[in-house]
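Per this note's numbering, the very first residue in the sequence shown carries number 12; after that it's consecutive.
In this text, a Cβ means the ideal position worked out from N, Cα and C, and glycines have one as well.
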Amino acid sequence: MTSYFNGLVLREAGARPAVSELRLPEVGPGQVRVKVRAAGVCHSDLSMVNGTIRPSYPLVLGHEAAGEVVEVGEHVTRAAVGDHVVLNWQPACRNCWFCDQGEPWLCSTSSGVASLENGVTLDGVPVHVALGLGAFADQVVAPENAVIPVPTALAFETAALLSCGVLTGAGAVRNTADVQAGESVAVIGLGGVGLSVVAAARAAGASDVIAVDVSEAKKGLAEAAGATDFVVSSDALSKDIRGRTSGRGADHAFECVGRAATIRAAWRATRRGGKVTVVGMGSNDDLMSLSALDVFSSARTLRSSVYGSADFDIEIPRLADDVLTGKLSLDHLITDRIALPDVPDAFDRMARGEGARSVVSL
Ligand SMILES: [Zn+2]
Ligand SMILES: [Zn+2]
Numbered sequence: 012m013t014s015y016f017n018g019l020v021l022r023e024a025g026a027r028p029a030v031s032e033l034r035l036p037e038v039g040p041g042q043v044r045v046k047v048r049a050a051g052v053c054h055s056d057l058s059m060v061n062g063t064i065r066p067s068y069p070l071v072l073g074h075e076a077a078g079e080v081v082e083v084g085e086h087v088t089r090a091a092v093g094d095h096v097v098l099n100w101q102p103a104c105r106n107c108w109f110c111d112q113g114e115p116w117l118c119s120t121s122s123g124v125a126s127l128e129n130g131v132t133l134d135g136v137p138v139h140v141a142l143g144l145g146a147f148a149d150q151v152v153a154p155e156n157a158v159i160p161v162p163t164a165l166a167f168e169t170a171a172l173l174s175c176g177v178l179t180g181a182g183a184v185r186n187t188a189d190v191q192a193g194e195s196v197a198v199i200g201l202g203g204v205g206l207s208v209v210a211a212a213r214a215a216g217a218s219d220v221i222a223v224d225v226s227e228a229k230k231g232l233a234e235a236a237g238a239t240d241f242v243v244s245s246d247a248l249s250k251d252i253r254g255r256t257s258g259r260g261a262d263h264a265f266e267c268v269g270r271a272a273t274i275r276a277a278w279r280a281t282r283r284g285g286k287v288t289v290v291g292m293g294s295n296d297d298l299m300s301l302s303a304l305d306v307f308s309s310a311r312t313l314r315s316s317v318y319g320s321a322d323f324d325i326e327i328p329r330l331a332d333d334v335l336t337g338k339l340s341l342d343h344l345i346t347d348r349i350a351l352p353d354v355p356d357a358f359d360r361m362a363r364g365e366g367a368r369s370v371v372s373l
């Protein structure tokens with residue numbers, strides 16, 4: 012049965028995305044059709060619009076989403092019709108070397124896919140879907156390993172955030188950096204991911220959570236997420252953070268911007284022997300230098316966190332449970348509730364550094 016759906020389509024990099032009617036492929040063996048109920052506007056979507064990431068066009072944007080399974084193909088065992096699910100844009104094959112090592116977030120078959128062909132326009136032109144999903148749409152057809160069932164008590168808009176921004180931020184705290192109770196944490200960059208780092212650090216029992224952004228307007232959001240201190244970024248940032256951590260520097264710094272200058276600031280804001288975790292995705296030509304003596308004598312660890320260093324199939328249900336039991340609060344993350352045609356305006360707000368997450372209700 013051919014099904015039609017509305018999706019937010021980007022014709023080319025730099026264009027203004029617009030809602031179009033499209034035709035979805037039929038659900039094949041091992042695939043599911045999901046009615047999308049909520050989708051968050053993530054920075055990676057903006058990167059596809061402004062050309063930082065180069066997928067194929069025309070492209071249905073969106074990848075941070077949750078919905079309800081409405082059809083399952085042959086041999087599907089993970090989900091049934093009626094299940095509420097979170098969509099995973101980087102499903103693991105469970106067969107490659109990395110998956111065998113227990114590092115499915117580095118799965119060699121799924122990483123680096125910006126878009127896949129899936130569906131056609133009404134006049135028959137093939138359509139691509141962002142990160143294998145294309146979730147700014149009322150329906151998605153995806154492989155079954157791209158859906159993770161969650162309790163029906165979890166609100167769809169919260170479930171959507173878990174799938175990308177929250178998993179990335181909370182995973183960086185829990186898995187990559189392994190923040191312990193009583194440790195001090197600095198978080199640079201307070202978008203949806205940075206605010207998730209703040210909330211997860213607080214939930215982990217961090218004594219000090221120093222939140223940093225270029226915009227003073229993020230102060231209220233930072234405090235709502237659990238920050239103990241808020242600092243407007245400046246050239247004296249590292250010195251400021253050391254001043255708030257007995258002159259030593261923080262036990263952990265999380266860089267959630269993706270720029271060499273802020274990675275370096277995070278490095279310098281961390282104590283000797285501390286951990287610097289890079290969560291932001293930067294560009295290939297933005298180089299950072301550290302002296303050989305500094306690397307040796309500071310005894311710091313510099314590590315990146317890809318998709319929260321998380322096994323999504325384990326971590327997503329765990330995060331859902333933490334939200335439902337009140338251990339992790341994400342209420343502060345949603346600053347705008349919007350409809351599909353409003354997504355381009357949400358990109359404009361994101362580019363200006365305003366708000367936290369905009370979530371599309373479908
Ligand atoms: Zn994302
Ligand atoms: Zn794999």
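{"Asked": "Separation of Val225 from Val370, as counted between CA atoms", "Found": "23 angstroms"}
{"Asked": "Exposure label - Gly285; buried when at least 16 CB within 10 Å", "Found": "buried"}
{"Asked": "Contacts around Val190, its chain only, beta-carbon distance under 7 angstroms, and the 5 residues preceding and following it disregarded", "Found": "Val184, Val196, Ala212, Ala215, Ala217 and His263"}
{"Asked": "Best match in Ala303, Leu335, Ala362 and Gly145 for proximity to Ala49 [C-alpha to C-alpha]", "Found": "Gly145"}
{"Asked": "Identity of the residue in Arg283, Val43 and Leu57 nearest Ala357 by Cα", "Found": "Leu57"}
{"Asked": "Those runs of the alpha helix (DSSP H) which lie wholly inside the segment 296-369 and span at least 4 residues", "Found": "303-309, 323-335 and 354-362"}
{"Asked": "Asp246 - DSSP class collapsed to helix/strand/coil", "Found": "coil"}
{"Asked": "Terminal residues of the alpha helix (DSSP H) in which Ala125 lies", "Found": "Segment: none, Ala125 is in no alpha helix (DSSP H) and carries neither H nor E."}
{"Asked": "Local conformation of Pro115 per DSSP, three classes", "Found": "helix"}
{"Asked": "Supposed close pair Val140, Leu127 - CB separation, criterion 8 angstroms", "Found": "6 angstroms"}
{"Asked": "Endpoints, alpha helix (DSSP H) assigned at Ala222", "Found": "Per DSSP, Ala222 belongs to no alpha helix (DSSP H); it is in the beta strand (DSSP E), Asp219 to Asp224."}
{"Asked": "Any non-hydrogen atom of ligand 2 closer than 7 angstroms to Thr239 Cβ", "Found": "no"}
{"Asked": "Lys230, enclosing alpha helix (DSSP H) - first and last residue", "Found": "Lys230 to Ala236"}
{"Asked": "Straight-line gap, Val317 to Gly84 (C-alpha atoms, nearest Å)", "Found": "31 angstroms"}
{"Asked": "Whole-angstrom distance between His86 and Val158, CA atom to CA atom", "Found": "15 angstroms"}
{"Asked": "Buried versus exposed, by CB contacts within 10 Å (16 or more), Gln112", "Found": "exposed"}
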